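Residues in the sequence shown are numbered from 4 upward in steps of one, following this note's numbering.
Glycine is no exception: its CB is placed at the ideal position from the N, C-alpha and C atoms.
Since the model is a prediction, treat every value here as computed from it, not as a measurement.
Just below is one structure, and these are the notes that go with it.
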Amino acid sequence: MNMKRWIALGAAVLLFVVAAGINTVSSIMSMNWQSVMEDQLAPAGGQMEQVVEEGDARNRIALLRVDGIIQDTGAASPLFATTGYNHQAFMEQLEMIREDNSVKGVVLYVNSPGGGVVESSDIHDKLVEIKEEKDIPVYVSMGSMAASGGYYISAPADKIFVHKETLTGSIGVIMESVNYGGFAEEHGIDFVTIKSGEYKDIMSPTRDMTEEERNMLQTMLNDSYERFVDVIEAGRGMSEAEVKKWADGRIMNGGQAVEAKLADETGRLEDAIAGLRADHDLDKAQVFEYGMDAGFGSLFGVKMQSLFQGDLESRIIGQVLSDYNSPRMMYLYGEK
4 MNMKRWIALG AAVLLFVVAA GINTVSSIMS MNWQSVMEDQ LAPAGGQMEQ
54 VVEEGDARNR IALLRVDGII QDTGAASPLF ATTGYNHQAF MEQLEMIRED
104 NSVKGVVLYV NSPGGGVVES SDIHDKLVEI KEEKDIPVYV SMGSMAASGG
154 YYISAPADKI FVHKETLTGS IGVIMESVNY GGFAEEHGID FVTIKSGEYK
204 DIMSPTRDMT EEERNMLQTM LNDSYERFVD VIEAGRGMSE AEVKKWADGR
254 IMNGGQAVEA KLADETGRLE DAIAGLRADH DLDKAQVFEY GMDAGFGSLF
304 GVKMQSLFQG DLESRIIGQV LSDYNSPRMM YLYGEK
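What follows is the structure in structure tokens.
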């Protein structure tokens with residue numbers, strides 16, 4: 004694009020941002036502030052309990068949801084935050100369940116392509132802790148996708164329900180980066196790198212990776228892969244050979260997962276809840292789930308998300324405004 008087009012584009016973006024701000028302020032002015040203030044009195048972190056099925060409040064089933072990529076975006080760029088999976092909030096929910104003596108069982112709904120190695124491990128370890136400390140069952144219901152890290156967090160469940168068309172599996176680890184060194188050289192762009200050690204710029208997007216560097220990273224990935232296999236062995240009661248028969252990154256549908264012993268039964272969320280009730284004498288238990296208070300950040304995030312869903316140039320600007328993610332190991336199926 005020439006300079007005039009960039010200036011016009013910049014002016015258009017500025018007008019869109021102003022318009023989004025006006026719409027957001029209008030939305031805020033029309034909010035029920037009494038309700039908002041009441042929400043602030045909810046449990047720590049804005050977590051509110053919502054009853055899904057009425058029943059005995061002394062014996063409850065907690066319904067949890069992991070919907071989206073499992074990654075911790077932290078507190079960075081809250082202005083442009085969008086709704087979706089919130090790792091910190093989810094870990095808080097798990098801790099609240101651990102401390103709540105009225106919770107007698109957990110149903111975890113997973114609809115995720117996976118995500119970060121660390122975040123997936125966080126969830127897995129906390130679920131195991133809850134099972135062991137509270138001696139309560141954890142059932143999993145898989146949605147349209149429960150792949151890679153989505154399967155990792157499902158593995159410790161006492162029983163896994165899967166839809167016949169669920170996309171699951173993808174057991175393995177991946178690490179990616181973009182190498183635009185050739186493109187930069189072609190366009191006369193020169194990168195100057197000053198580093199303290201030979202490997203400080205490993206996986207740099209401006210140069211080719213050496214064979215030694217590739218071997219170093221492969222060793223790291225292999226370690227994470229073996230931990231993934233160990234998690235499935237322990238959670239599913241399978242041998243290493245049985246797990247590795249399917250742990251080559253392949254994906255499968257729900258029916259194939261049951262045949263491979265990676266899932267127990269075909270069914271939907273309501274079947275998982277009914278199964279937990281029947282298997283553990285919780286017929287009269289109340290079912291509840293947590294909800295987050297939707298405040299200004301989420302509202303403005305939705306505005307910004309809709310703003311940058313347009314043409315390529317707008318999406319490029321949106322990407323520039325988003326957080327920078329360095330290459331890292333992921334239990335993830337599909338694109339980032």
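Between the segment 178-192 and the segment 148-158, the count of C-beta pairs closer than 8 Å stays below three; the two stretches do not touch.
For residue 100 and residue 57, the gap between their C-alpha atoms comes out near 18 Å. Counting of Cβ neighbours within 10 angstroms places residue 198 among the exposed residues, the total staying below 16.
DSSP lists 112 as the beta-bridge partner residues of residue 68. Distance from the CA of residue 275 to the CA of residue 284, rounded to the nearest whole angstrom, comes to 14 Å. Two segments are said to touch when three or more pairs of C-beta atoms, one from each, lie closer than 8 Å; by this definition the segment 100-120 touches the segment 51-66. With a contact defined as Cβ atoms closer than 8 Å, residue 231 and residue 174 qualify at about 6 Å. Leaving aside the five residues that flank residue 206 on each side, the residues in its chain whose CB is nearer than 6 Å to its CB run, in chain order, 180 and 330. The straight-line gap separating the alpha-carbon atoms of residue 96 and residue 226 is approximately 29 Å.
Residue 194 sits in coil when the DSSP states are folded into three classes, being neither helix nor strand. Of the residues 141, 288, 90 and 255, the one whose Cα lies closest to the Cα of residue 120 is 90. A Cβ-Cβ separation of about 16 Å leaves residue 73 out of contact with residue 170 under the 8 Å criterion.
Non-local beta-carbon contacts of residue 263 in its own chain, meaning distances under 6 Å to residues more than five positions away in sequence, involve 249 in chain order. Closest in C-alpha terms to residue 286, from the list 55, 53, 59 and 52, comes 59. Counted as a single uninterrupted DSSP element, the alpha helix (DSSP H) harbouring residue 222 occupies residues 214-239. Rounded to the nearest angstrom, the gap between the Cα atoms of residue 223 and residue 217 is 10 Å. In the DSSP assignment, residue 144 falls within the beta strand (DSSP E) that extends over 141-150.
Contact between residue 336 and residue 117 holds: CB atoms are separated by about 6 Å, below the 8 Å threshold. Of the residues assessed, residue 163 falls on the buried side of the cut-off, its CB having 16 or more other CB atoms within 10 angstroms. Taking 9 Å as the cut-off, the Cβ atoms of residue 113 and residue 87 do not count as close. With 16 or more other Cβ atoms inside 10 Å of its own Cβ, residue 241 counts as buried. In the three-state DSSP reduction, residue 206 falls in the coil class, being neither helix nor strand.
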